[in-house]
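I have placed the structure first, in the form of structure tokens, so that the comments after it can refer back to it.
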Amino acid sequence: MISLDRLNKGALARIESLPDSVEARQLLLTHGIHPGKQIRLLQCFPSQDLSLITCNGRKLALRRTDLAAIQVLEIHE
């Protein structure tokens with residue numbers, strides 16, 4: 116397992132665990148992002164400390180600290 120922030124742009128992965136932060140966890144669960152789902156890292160914006168992900172056909176911008184707390188297994192296509 117690795118943290119989501121270590122994936123390369125465009126990489127596909129399966130979520131293994133969510134952040135411990137209640138706010139971050141609630142945001143992800145509200146958008147249907149939970150363990151077992153596939154997620155793709157679309158783009159990183161280092162100057163704004165944000166990354167764009169997609170899951171369930173939805174795009175979501177997350178802070179780098181929240182990405183680092185999401186553990187995933189990379190799926191090689």
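Here the numbering used here = 1-based position in the sequence shown + 115.
Backbone N, C-alpha and C fix where the C-beta goes; we use that ideal spot for every residue, glycine too.
Measure from the alpha carbon of residue i to the alpha carbon of each residue in the options, then state which is nearest.
| i | options | result |
| --- | --- | --- |
| P150 | E192, I190 and I185 | I185 |
| D135 | H191, T180 and E192 | T180 |
| Q163 | G147, K152 and L177 | L177 |
| N123 | I168, S132 and G172 | I168 |
Given a cut-off of 7 Å on the beta-carbon distance, is the pair residue i and residue j in contact?
| i | j | result |
| --- | --- | --- |
| I154 | A183 | no |
| E189 | A126 | yes |
| I143 | L133 | In the sequence under discussion, the amino acid at residue 143 is Leu, which differs from the Ile named in the question. Yes, the pair counts as a contact, with Cβ atoms nearer than the cut-off. |
Between residue i and residue j, how many whole angstroms is the CB-CB distance? I'm expecting something under 8 Å.
| i | j | result |
| --- | --- | --- |
| S152 | I130 | In the sequence as displayed, the identity of residue 152 is Lys instead of Ser. Confirmed, Cβ separation roughly 5 Å. |
Please report the straight-line C-alpha distance between residue i and residue j, rounded to a whole angstrom.
| i | j | result |
| --- | --- | --- |
| Q158 | G172 | 15 Å |
| I148 | R121 | 18 Å |
| R140 | H146 | 10 Å |
| A175 | E138 | Note that residue 175 corresponds to Leu in the displayed sequence, not to Ala. Distance between the alpha carbons of L175 and E138 is about 15 Å. |
| C170 | L156 | 9 Å |
| F160 | V187 | 20 Å |
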